[in-house]
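Residue numbers (this note's numbering): 375 to 688. Okay, so here's the structure we're looking at.
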Amino acid sequence: MSGAHRSVLLDEAVAVVCGLDDGAAGAPVRDGIYVDATFGRGGHTRALLALLGRDSLVIAVDRDPEAIAAGMALAAEDARLRMVHGNFADLDELLDALSIESVQGVLMDLGVSSPQLDDAVRGFSFRHDAPLDMRMDTSRGPTAAQWLNTAEEADIARVLKTYGEERYARRIAAAIVAARPLATTGELAELVRSAQPRPTPGKHPATRVFQAVRMQVNDELGSLTRGLSAAFDRLAPGGRLAVITFHSLEDRLVKRFFRELASPPPVPRGVPVRGDAAAPRARMVGRSRVPGEAETAANPRARSARLRVLEKAA
Ligand SMILES: C[S@@+](CC[C@H](N)C(=O)[O-])C[C@H]1O[C@@H](n2cnc3c(N)ncnc32)[C@H](O)[C@@H]1O
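Structure below.
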């Protein structure tokens, strides 16, 4: 198992969430309370702590108990860090439990970490043969095997099609149901390989299916929808929400959420509106950003990353 995770868009994401980047030369770091909603192995948290002053606080959240355990040593060294085990979808409750009403910034770096992918027993990867688990939070919820062994064939096909954009979703779903019960990543990978008549060249045939099942098992889009709303509600005026996505479904969701908040609220025709009631609740901070060539060459996982940033109206 590897403990390393290369953080994506590290400097850009951390600077912009702290208010440093906006074309405003010499803008001050905004000290205050920040949430790193996806601690992982703490790359972004460390960079945040390095930028922020003595009176700031970073609340680091992760749904993976191993990520929280990995962060405890850092929290023991730096009193400005609190580690919190939970789903960012429940950010309201997590902040209530700490008696925190509002925060200056929230950062989300979505998806899975390299330690999760590299640790065979987590069952995220078709590259290792291991129990089919795929839960980010190993303390709750059904595993991938439990879901695949009990779901309706039509549901499996829908998940593979929607979350994996898998062309042969129905054929693979039928093969899964015929082969049940499945227990290991190796069985699933082999079954997908034999059910796909024409795999995409250059891609492992099980890539899309593993992504789709992982998104289902962890309710990734549902958590993101709730997490974005909770994070925006908790931002202080002028506070920023920065999100790094890794595939088009996530990015579309974030883009729509940001666009709606950055547009004037709809008003029924003919109804007189006071000036501030017609003002958008937020603004986008610049365009979306993607990693440069040097970063993608050094870290292939960065290739699909995209950072979007929203600032709550002051
Ligand atoms: C890409 S990694 C984050 C890496 C981190 N930024 C770093 O630099 O080390 C994503 C992490 O977010 C966690 N995660 C994903 N979805 C989550 C959610 N809904 N709530 C809390 N944590 C989540 C995963 O368990 C994983 O550890």
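We put the beta carbon where it would ideally sit given N, CA and C, even for glycine.
Query - Neighbourhood of ligand 1 [Cβ distance below 5 Å to any heavy atom], ordered by chain position - result: HIS379, SER381, THR412, GLY414, ARG415, GLY417, HIS418, ASP436, ARG437, ASP438, ALA441, ASN461, PHE462, ASP483, GLY485, SER487, MET510 and SER597
Query raised in the report: Whose C-alpha, out of ARG380, TYR408, ALA378 and HIS379, is nearest the C-alpha of VAL390?
Result: Locating residue 390 in the sequence shown gives position 16, counting from the first residue. The candidate whose alpha carbon is nearest that of VAL390 is TYR408.
Requested in this report: Tell me the start and end of each unbroken beta strand (DSSP E) in the region 412 to 473 that is at least 3 residues and wholly inside, in chain order.
Outcome: As far as the region 412 to 473 is concerned, its whole beta strand (DSSP E) runs of at least 3 residues are 431 to 436 and 455 to 459.
Query raised in the report: Per DSSP, which one or two residues make a beta bridge with LEU615?
Result: Residue 615 sits at position 241 when you count from the first residue of the sequence shown. Per DSSP, VAL480 and LEU684.
Query raised in the report: Got a sec: does ligand 2 put a non-hydrogen atom nearer than 6 Å to the Cβ of ARG380?
Result: In terms of ligand content, the structure shown lacks ligand 2 and carries ligand 1 instead.
Requested in this report: Kindly list the residues whose CB is nearer than 7 Å to the CB of SER376, restricted to its own chain and excluding five residues on each side of it in sequence; keep chain order.
Outcome: Within the sequence shown, numbered from 1, the residue matching residue 376 stands at position 2. Reliability of the predicted coordinates at SER376 is poor, the pLDDT of 42 falling under 50, and the value obtained from them is presented with this limitation in mind. Once the five neighbours on either side are set aside, the close Cβ partners of SER376 are SER488, PRO489 and ASP492.
Query raised in the report: Apart from the five residues on each side of it in sequence, which residues of its chain come closer than 7 Å, Cβ to Cβ, to GLN590?
Result: Stepping through the sequence shown from its first residue, residue 590 is reached at position 216. These residues qualify, in order along the chain: TRP521, VAL533 and TYR537.
Query raised in the report: How is the alpha helix (DSSP H) around TYR537 delimited, first residue to last?
Result: Against the sequence shown, residue 537 aligns to sequence position 163. Residues 527 to 538.
**Report entry** beta strand (DSSP E) segments (min. 3 residues) lying fully within the region 634 to 677
**Finding:** 656 to 658
Query raised in the report: Considering only residues of the same chain and omitting the five flanking positions on each side of LYS535, which have a CB-CB separation below 6 Å?
Result: On the sequence shown, residue 535 is found 161 positions in, with the first residue counted as 1. Taken in chain order, the residues that qualify are ALA543.
Requested in this report: Whole angstroms is fine: what's the gap from GLU527's alpha carbon to VAL551's?
Outcome: Translated into positions along the sequence shown, residue 527 becomes position 153. Translated into positions along the sequence shown, residue 551 becomes position 177. Separation of GLU527 and VAL551 (C-alpha to C-alpha, rounded to the nearest whole angstrom) is 6 Å.
Query raised in the report: Can you name, in chain order, every residue of its own chain whose Cβ lies under 6 Å from the Cβ of LEU635, other than the five neighbours on each side?
Result: Your numbering for residue 635 matches position 261 in the sequence shown. Closer than 6 Å at Cβ, skipping near neighbours: ARG655 and ALA656.
Requested in this report: Mind reading off the beta-carbon distance from LEU484 to GLY497? Whole number of angstroms is fine, and I expect it under 8 Å.
Outcome: The residue given as residue 484 occupies position 110 in the sequence shown. The residue given as residue 497 occupies position 123 in the sequence shown. At roughly 19 Å, the Cβ-Cβ gap does not stay under 8 Å, so LEU484 and GLY497 are not in contact.
Query raised in the report: Cα separation between GLU561 and ASP593?
Result: Sequence index remark: in the sequence shown, residue 561 carries index 187 (1-based). Sequence index remark: in the sequence shown, residue 593 carries index 219 (1-based). The straight-line gap from Cα to Cα measures roughly 23 Å.
Query raised in the report: Quick check: the region 430 to 442 against the region 403 to 419, are there 3 or more CB pairs under 8 Å?
Result: yes
Query raised in the report: So LEU684 packs on MET658, CB below 8 Å; how close in whole Å?
Result: Mapped onto the sequence shown, residue 684 falls at position 310. Mapped onto the sequence shown, residue 658 falls at position 284. With a Cβ gap of about 6 Å, LEU684 and MET658 count as contacting.
Query raised in the report: What three-state label does DSSP hand LEU522 in the structure shown?
Result: Here the question's residue 522 lines up with position 148 in the sequence shown. In the structure shown, LEU522 sits in a helix (DSSP, three-state: H, G or I).
Report task. For VAL403, name the three-state secondary structure that DSSP assigns. Result -> The sequence position of residue 403 within the sequence shown is 29, counting from 1. The answer is coil: DSSP assigns VAL403 none of H, G, I, E or B.
Report task. Using 10 angstroms around the beta-carbon of GLY576, count the other beta-carbons present and answer buried if the total reaches 16, otherwise exposed. Result -> One-based indexing of the sequence shown puts residue 576 at position 202. Per the 10 Å Cβ criterion, exposed.
Report task. Pull up the distance between the alpha-carbon of HIS379 and that of ALA652, whole angstroms please. Result -> Residue 379 sits at position 5 when you count from the first residue of the sequence shown. Residue 652 sits at position 278 when you count from the first residue of the sequence shown. For HIS379 and ALA652, the distance between alpha carbons rounds to 44 Å.
Query raised in the report: What span of residues does the alpha helix (DSSP H) with ARG544 cover, start to end?
Result: Here residue 544 corresponds to residue number 170 of the sequence shown, with the count starting at 1. Here the alpha helix (DSSP H) through ARG544 covers 543 to 553.
Query raised in the report: Under the three-state reduction of DSSP, which class applies to PRO489: helix, strand or coil?
Result: Along the sequence shown, one-based indexing puts residue 489 at 115. Looking at PRO489 - three-state DSSP - the assignment turns out to be helix.
Query raised in the report: From LEU609 to ASP503, what distance separates their C-alpha atoms?
Result: Residue 609 sits at position 235 when you count from the first residue of the sequence shown. Residue 503 sits at position 129 when you count from the first residue of the sequence shown. So the two alpha carbons sit approximately 43 Å from each other.
Report task. Taking SER476 as the reference, give the member of GLY613, THR670 and ASP385 with the closest Cα. Result -> Counting from one through the sequence shown, the residue named residue 476 turns up at place 102. It is GLY613 whose Cα lies nearest to the Cα of SER476.
Query raised in the report: Would DSSP call ALA557 helix, strand or coil?
Result: The residue given as residue 557 occupies position 183 in the sequence shown. Looking at ALA557 - three-state DSSP - the assignment turns out to be coil, as it is neither helix nor strand.
Query raised in the report: Taking all protein chains shown into account, do 16 or more other C-beta atoms lie within 10 angstroms of the C-beta of THR574, making it buried, or fewer, making it exposed?
Result: Taking the first residue of the sequence shown as position 1, residue 574 is located at position 200. Burial call: exposed.
Requested in this report: Following the continuous alpha helix (DSSP H) through PHE584, name the residue where it begins and the one where it ends.
Outcome: Numbered from its first residue, the sequence shown carries residue 584 at position 210. Counting along the chain, the alpha helix (DSSP H) containing PHE584 begins and ends at 581 to 591.
Requested in this report: Return the CA-CA distance between ASP571 and ARG501, expressed in angstroms with no decimal places.
Outcome: Within the sequence shown, the letter at position 197 stands for residue 571. Within the sequence shown, the letter at position 127 stands for residue 501. The amino acid at residue 571 is misidentified as Asp; the sequence shows Pro. Cα to Cα, PRO571 sits roughly 21 Å from ARG501.
Query raised in the report: Between the C-alpha atoms of LEU472 and PRO516, what's the straight-line distance to the nearest angstrom?
Result: If you number the sequence shown from 1, residue 472 lands on position 98. If you number the sequence shown from 1, residue 516 lands on position 142. Taking the straight line from one Cα to the other gives about 29 Å.
Requested in this report: Give the DSSP-derived three-state secondary structure of LEU602 in the structure shown.
Outcome: The count along the sequence shown starts at 1 and reaches residue 602 at position 228. Reduced to three states, the DSSP call for LEU602 is helix.
Requested in this report: Out of VAL382, ARG509, LEU455 and GLY596, state which residue places its alpha-carbon closest to the alpha-carbon of GLY417.
Outcome: Residue 417 sits at position 43 when you count from the first residue of the sequence shown. Checked all of VAL382, ARG509, LEU455 and GLY596; the closest Cα to GLY417 is VAL382.
Report task. Look up PRO505 in the DSSP assignment and give the residues it is bridged to. Result -> Indexing the sequence shown from 1 puts residue 505 at position 131. Its beta-bridge partners are THR558.
Query - For ARG456 and ARG661, the rounded distance between their alpha carbons - result: Walking along the sequence shown from the start, residue 661 turns up at place 287. Walking along the sequence shown from the start, residue 456 turns up at place 82. Distance between the alpha carbons of ARG661 and ARG456 is about 31 Å.
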